[in-house]
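**Q** Numbering (our numbering), first residue to last: 16 to 171. Just so it is clear, CB atoms sit at the ideal spot from N, CA and C, and this is done for glycine as well. Owing to the predicted nature of the structure, the values given are computational and were not obtained by experimental measurement. Here it is, the structure in full.
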Ligand SMILES: [Zn+2]
């Protein structure tokens, strides 16, 4: 499985439709900038995560996905979500990596699975990678317990 990261101006515009402080040029610039830094810092780990998810779940990537998942970097007020894989840019790049793993994890569960299962899987991935994400994992667990129930089980 390959991940194809991109910034799409139309998509960013649509997500920010109701935001008054939205400035397309500024937002795209920041989205591009953080997206690039994120990839230059974590490309190796992302490749490992893509291989670890099927190993830990003992499942294959679903065939319907083909061999590539498009990941959209966005900057907007809402959350990241699993489908289409929409990853909000954040100052905490490691938190972005945790959220990316969480959203990818949804693909391994029928009906996208429960948030607890997905977070447990995410935690296992980072234990294998030997990356300390205690703070970030604790944070996504609180996200899931509060806002997500009100919106959708697939939001983060
Ligand atoms: Zn989720």
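Please name the residue, chosen from 153, 32 and 50, that lies closest to residue 117 on a Cα-to-Cα basis.
**A** On the chain shown, position 102 is the one that residue 117 refers to. Here the closest residue by C-alpha is 153.
**Q** Confirm the yes/no value for this check: CB of residue 61, any heavy atom of ligand 3, distance under 7 Å.
**A** Among the ligands present in this structure, namely ligand 1, ligand 3 is not found.
**Q** Please work out which residues of its chain come closer than 8 Å, Cβ to Cβ, to residue 27, disregarding the five sequence neighbours upstream and downstream, and give them in chain order.
**A** In the chain shown, the residue the question calls residue 27 occupies position 12. If we look at residue 27 and ignore the five residues flanking it on each side, its Cβ neighbours are 39, 42, 43, 46, 89, 90 and 91.
**Q** Hey, residue 21 and residue 85: beta-carbon distance below 8 Å or not?
**A** Here residue 21 refers to the residue found at position 6 of the chain shown. Here residue 85 refers to the residue found at position 70 of the chain shown. Closer than 8 Å, so yes.
**Q** Using only the heavy atoms of ligand 1, determine whether one of them is closer than 7 Å to the beta carbon of residue 142.
**A** Locating residue 142 in the chain shown gives position 127, where the first residue counts as 1. Residue 142: no, Cβ never under 7 Å from ligand 1.
**Q** Is residue 133 near ligand 1, with its Cβ less than 7 Å from a heavy atom?
**A** Residue mapping note: residue 133 aligns to position 118 of the chain shown, counting from 1. Flag set: Cβ of residue 133 near ligand 1.
**Q** Determine the extent of the beta strand (DSSP E) in which residue 56 is found, giving its start and end residues.
**A** Working through the chain shown from its first residue, we reach residue 56 at position 41. Residue 56 -> not in any beta strand (DSSP E); alpha helix (DSSP H) instead, spanning 39-72.
**Q** Check whether the region 127-141 and the region 101-108 are in contact - that is, three or more C-beta pairs closer than 8 Å.
**A** With the cut-off at 8 Å, the region 127-141 and the region 101-108 do not touch.
**Q** State the Cα-Cα distance for the pair residue 66 and residue 37, rounded to the nearest angstrom.
**A** Against the chain shown, residue 66 aligns to sequence position 51. Against the chain shown, residue 37 aligns to sequence position 22. If you take the alpha carbons of residue 66 and residue 37, they lie about 37 Å apart.
**Q** At the level of alpha carbons, what is the spacing between residue 115 and residue 99?
**A** Residue mapping note: residue 115 aligns to position 100 of the chain shown, counting from 1. Residue mapping note: residue 99 aligns to position 84 of the chain shown, counting from 1. Residue 115 and residue 99: Cα-Cα distance of roughly 12 Å.
**Q** Check whether the Cβ atoms of residue 61 and residue 18 sit closer than 8 Å, and answer yes or no.
**A** Within the chain shown, the letter at position 46 stands for residue 61. Within the chain shown, the letter at position 3 stands for residue 18. Closer than 8 Å, so yes.
**Q** Under the assumption that residue 23 contacts residue 87 (Cβ atoms under 8 Å), give the Cβ distance between them as a whole number of angstroms.
**A** Taking the first residue of the chain shown as 1, we reach residue 23 at position 8. Taking the first residue of the chain shown as 1, we reach residue 87 at position 72. That pair is a contact at about 6 Å.
**Q** Cβ of residue 74 within 8 Å of Cβ of residue 141?
**A** On the chain shown, position 59 is the one that residue 74 refers to. On the chain shown, position 126 is the one that residue 141 refers to. Going by C-beta atoms, residue 74 is not nearer than 8 Å to residue 141.
**Q** Does ligand 1 have a heavy atom nearer than 7 Å to the CB of residue 97?
**A** The count along the chain shown starts at 1 and reaches residue 97 at position 82. Result yes, Cβ under 7 Å from ligand 1.
**Q** If you reduce the DSSP assignment to three classes, tell me which class residue 28 lands in.
**A** Taking the chain shown and counting its residues from 1, the one referred to as residue 28 is at position 13. Helix.
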